[in-house]
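Trainee:
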Amino acid sequence: PARHPVRVNITDYIPGLSNTGKFKKVEDRDNLALSEVTIAETLRDAGYQTYFAGKWHLGEAGHFPEDQGFNINIGGHARGSPPGGYYAPWKNPKLVAKHDGEYLTERLTEETISFIDSQRTQDEPFFAYLSYYNVHTPIQPYKKRVAEYKEKLKSLKGETPIIEERNARSRGRQDNAELASMVAAVDDSVGRILAKLAKWQLSDNTVVIFFSDNGGLCTRPASSKKKAKGAVGPGCNLPLRSGKGWLYEGGIREATIIRAPGKGQGVVCNTPIVSTDFYPTMLDLAGLPPQPELHTDGRSLVPLLNAEPKEQTERALYWHYPHYHGSGWTPGGAIRKGNWKLIEFWEHDDVELYDLTQDIGEQNDLSKHHPEKVRELQLALAKWRNTIGAVMPIRAGE
Numbered sequence: 012p013a014r015h016p017v018r019v020n021i022t023d024y025i026p027g028l029s030n031t032g033k034f035k036k037v038e039d040r041d042n043l044a045l046s047e048v049t050i051a052e053t054l055r056d057a058g059y060q061t062y063f064a065g066k067w068h069l070g071e072a073g074h075f076p077e078d079q080g081f082n083i084n085i086g087g088h089a090r091g092s093p094p095g096g097y098y099a100p101w102k103n104p105k106l107v108a109k110h111d112g113e114y115l116t117e118r119l120t121e122e123t124i125s126f127i128d129s130q131r132t133q134d135e136p137f138f139a140y141l142s143y144y145n146v147h148t149p150i151q152p153y154k155k156r157v158a159e160y161k162e163k164l165k166s167l168k169g170e171t172p173i174i175e176e177r178n179a180r181s182r183g184r185q186d187n188a189e190l191a192s193m194v195a196a197v198d199d200s201v202g203r204i205l206a207k208l209a210k211w212q213l214s215d216n217t218v219v220i221f222f223s224d225n226g227g228l229c230t231r232p233a234s235s236k237k238k239a240k241g242a243v244g245p246g247c248n249l250p251l252r253s254g255k256g257w258l259y260e261g262g263i264r265e266a267t268i269i270r271a272p273g274k275g276q277g278v279v280c281n282t283p284i285v286s287t288d289f290y291p292t293m294l295d296l297a298g299l300p301p302q303p304e305l306h307t308d309g310r311s312l313v314p315l316l317n318a319e320p321k322e323q324t325e326r327a328l329y330w331h332y333p334h335y336h337g338s339g340w341t342p343g344g345a346i347r348k349g350n351w352k353l354i355e356f357w358e359h360d361d362v363e364l365y366d367l368t369q370d371i372g373e374q375n376d377l378s379k380h381h382p383e384k385v386r387e388l389q390l391a392l393a394k395w396r397n398t399i400g401a402v403m404p405i406r407a408g409e
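The sequence shown begins at 12 in this note's numbering and counts up by one.
1. What residues in its chain sit with their C-beta under 6 Å from that of ALA345, if we drop five residues either side in the sequence?
2. Our contact map puts GLU52 next to GLY80 with C-beta atoms below 8 Å; I'd like the distance itself, whole angstroms only.
3. Note down, one range per segment and in chain order, each beta strand (DSSP E) of at least 3 residues found wholly within the stretch 28 to 108.
4. Select from ASN103, ALA99, PRO333 the residue whose C-alpha is nearest the C-alpha of HIS110.
5. Can you find at least 3 beta carbon pairs, one from the stretch 124 to 144 and one from the stretch 196 to 208, that sit closer than 8 Å?
6. Across the stretch 178 to 191 and the stretch 122 to 138, are there enough close Cβ pairs to call them in contact, namely three or more that are closer than 8 Å?
7. Rounded to the nearest angstrom, what separates GLY254 and THR132 at their Cα positions?
8. Can you round the beta-carbon distance between LEU377 and ARG347 to whole angstroms, since I take them to be within the 8 Å contact cut?
9. Please state whether DSSP places ALA196 in a helix, a strand or coil.
10. State yes or no: is the C-beta of GLY244 within less than 9 Å of the C-beta of ASN225?
11. Measuring straight from C-alpha to C-alpha, what distance separates PRO49 and GLN60?
12. For the stretch 301 to 312 against the stretch 283 to 292, are there 3 or more C-beta pairs whose distance is under 8 Å?
13. Tell me, please, whether the stretch 156 to 169 touches the stretch 73 to 88 by the rule of three or more beta-carbon pairs shorter than 8 Å.
14. Roughly how many angstroms lie between the CA atoms of CYS247 and GLY58, to the nearest whole one?
15. Between LYS240 and the rest of its own chain, which residues show a CB-CB distance below 6 Å, the 5 nearest in sequence each way excluded?
16. According to DSSP, is SER181 part of a helix, a strand, or is it coil?
17. Below 7 Å CB to CB, which residues in the same chain sit around ASP128 once its five sequence neighbours on both sides are set aside?
18. Just verifying my parser: in three-state terms, what is the DSSP assignment at TYR329?
19. Using beta-carbon positions only, say whether VAL219 and ARG264 come within less than 9 Å of one another.
20. Along the alpha helix (DSSP H) that carries ALA345, what are the first and last residues, could you check?
21. For ARG326, count the other beta carbons within 10 Å of its own beta carbon; 16 or more makes it buried, fewer makes it exposed. Which is it?
22. Skipping 5 residues on each side, what residues in its chain have a beta carbon closer than 7 Å to that of THR292?
23. Which residues mark the beginning and the end of the alpha helix (DSSP H) in which ASP295 is found?
24. Could you check whether GLY261 and GLY227 sit closer than 9 Å to each other, using their CB atoms as the reference points?
25. Does DSSP classify ASP376 as helix, strand or coil?
26. Can you look up VAL402 in the DSSP assignment and give me helix, strand or coil?
27. Counting C-beta neighbours from all protein chains within 10 Å, is the total for ALA191 16 or more, i.e. buried, or is it exposed?
28. For GLY400 and THR230, which I take to be in contact (beta-carbon distance under 8 Å), what is that distance rounded to the nearest angstrom?
29. Using CA atoms only, rank isn't needed, just tell me which of PHE126, ALA72, GLY95 is closest to GLY112.
30. Verify whether the separation of the beta carbon atoms of TYR97 and PRO149 is less than 9 Å.
31. If contacts are defined as beta-carbon pairs under 8 Å, then LEU251 and GLY372 qualify, I think. What distance do you get, rounded to the angstrom?
32. For ALA179, is the classification buried or exposed, using 16 other Cβ atoms within 10 angstroms of its Cβ as the cut-off for buried?
33. Among all the DSSP beta bridges, which residues are the ones paired with SER129?
34. Determine the closest residue to MET193 out of PHE63, GLU117, PHE75, THR217, with distance taken between C-alpha atoms.
35. Cα-Cα, which of ALA242, SER92, ASP215, TYR114 is closest to GLU175?
36. Taking the Cβ atom as the reference point for each residue, do SER126 and ALA209 lie within a distance shorter than 9 Å?
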């Protein structure tokens with residue numbers, strides 16, 4: 012997941028899948044080590060007031076946001092999904108509901124707006140990290156907006172298409188009104204925050220970064236006993252293939268929006284970036300010196316924001332996920348270099364190769380047609396794993 016590299020790999024998990032595959036479970040730490048220096052710690056030490064609200068999911072008590080550089084923590088704790096759901100009475104140990112029926116996303120927004128209100132007259136800068144639980148399961152509709160999406164749903168005919176996906180099934184169209192309303196809740200809330208920044212004339216000296224940690228959950232194991240809606244995930248990422256938990260583009264390719272004072276508006280940049288780029292980017296935008304030892308895997312995005320000529324050498328992007336995932340994913344890894352992307356599936360010792368400029372949906376496996384490219388990318392991926400000391404799964408019985 013993106014949570015860990017952005018704040019400085021904690022295993023992602025969906026309940027309901029036991030580890031019955033060909034590999035033993037890979038042991039992984041269940042928290043963000045306190046020895047890691049987060050972006051919040053660096054900015055706090057530079058004089059920033061640091062604020063966190065929402066989903067943390069990086070460790071039990073002792074590893075909460077307030078232990079990792081945030082002066083204020085609203086709702087951040089060990090769980091990745093909202094305990095008790097999105098409507099009060101919820102069971103969040105770091106956020107007490109004001110009244111029954113209160114909607115969690117609205118509450119997190121209101122707390123963040125209050126924080127902005129408190130900072131507008133202060134001399135010190137602030138860093139606010141708002142991490143909505145939406146649209147993590149459980150899928151519970153946003154009551155203020157769900158009716159309009161149920162109305163739109165009437166225009167769709169027939170049953171939900173199902174896409175067969177290796178050992179899983181994916182939803183073949185976006186026809187989930189409840190999920191759509193939850194996305195709308197985030198959209199409305201972000202709009203309220205931007206309006207508040209504008210009201211206090213903070214837009215001209217505030218950088219806003221909007222992104223998601225993974226693709227929507229659309230895939231379930233083909234062996235799942237769940238029927239009807241449970242046969243596939245609640246979302247759809249088409250034209251991208253598959254979704255959360257998978258290393259196809261539907262699981263790892265996310266749009267990012269950056270609004271920065273003095274930078275071009277409405278500019279579309281097709282250069283691939285990764286969440287580890289945010290750390291050096293924030294330091295750069297804040298006028299702070301780079302700290303390469305803290306963001307080895309990232310690059311500042313300021314040259315891209317300035318539309319400067321491309322001077323940096325092309326880099327490869329890597330993914331390592333040696334775990335079984337509740338969406339049906341089995342252990343594997345991936346590398347993207349230029350337009351080429353290779354995915355390894357370790358249970359069956361096979362690979363897939365795609366040209367993303369021609370095939371963003373990853374439907375045409377070119378591995379048999381470009382064996383030299385496969386060898387090149389596999390060697391690069393293996394070298395990277397060796398460099399970082401990546402833990403590989405051990406086959407059951409060994």
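Built from N, CA and C at the ideal position, the CB exists for glycine as well.
Mentor: In terms of the structure at hand:
1. Only residues of its own chain outside the window of five on either side were considered, and among them LEU258, TRP330, ILE354 have a CB closer than 6 Å to the CB of ALA345, listed in chain order.
2. With a Cβ gap of about 3 Å, GLU52 and GLY80 count as contacting.
3. Correct list: 60 to 65, 83 to 85.
4. That would be ALA99, whose Cα lies nearest to the Cα of HIS110.
5. They touch, by the three-pair rule.
6. Taking a contact to require three or more Cβ pairs closer than 8 Å, the stretch 178 to 191 and the stretch 122 to 138 do not qualify as touching.
7. About 43 Å.
8. With a Cβ gap of about 14 Å, LEU377 and ARG347 do not count as contacting.
9. Look at ALA196 here: in three-state DSSP terms it is helix.
10. No, the Cβ-Cβ distance between GLY244 and ASN225 is not below 9 Å.
11. Per the sequence shown, the amino acid found at residue 49 is Thr instead of Pro. Near 14 Å, if we compare the C-alpha coordinates of GLN60 and THR49.
12. In this structure the stretch 301 to 312 touches the stretch 283 to 292; the number of beta carbon pairs closer than 8 Å is three or more.
13. Segments in contact, no.
14. When rounded, the distance between both Cα atoms is 42 Å.
15. The predicted position of LYS240 is uncertain, since its pLDDT is 47 and thus under 50; a value taken from the coordinates is nonetheless stated next. Take LYS240, set aside five residues on each side of it, and no residue of its chain has a beta-carbon closer than 6 Å to its own.
16. For SER181, the three-state secondary structure derived from DSSP is strand.
17. Listed in chain order, the non-local C-beta contacts of ASP128 below 7 Å within the same chain number zero, local neighbours out to five positions each way being set aside.
18. DSSP places TYR329 within a strand segment (E or B) once states are collapsed to three.
19. ARG264 sits away from VAL219, with the two beta carbons spaced by 9 Å or more.
20. DSSP places ALA345 outside any alpha helix (DSSP H); the residue lies instead in the beta strand (DSSP E), whose first and last residues are 343 to 348.
21. ARG326 should be labelled exposed.
22. Only SER311, LEU312, VAL313 meet the Cβ criterion.
23. Its alpha helix (DSSP H) spans residues 289 to 296.
24. A contact, by the Cβ cut-off of 9 Å.
25. It is coil, neither helix nor strand.
26. Looking at VAL402 - three-state DSSP - the assignment turns out to be coil, as it is neither helix nor strand.
27. It counts as buried.
28. Wrong, their Cβ atoms sit about 30 Å apart, outside the cutoff.
29. Selected option, being the one with the closest Cα: GLY95.
30. Contact: yes.
31. The pair is a contact, with the Cβ atoms about 7 Å apart (cut-off 8 Å).
32. Burial call: buried.
33. Note: SER129 sits in no beta bridge, so no partner.
34. Of PHE63, GLU117, PHE75, THR217, the smallest CA-CA separation from MET193 is found for GLU117.
35. The shortest Cα separation from GLU175 among ALA242, SER92, ASP215, TYR114 belongs to ALA242.
36. According to the sequence displayed, residue 126 carries Phe and not Ser. Note that the C-beta distance between PHE126 and ALA209 is not below 9 Å.
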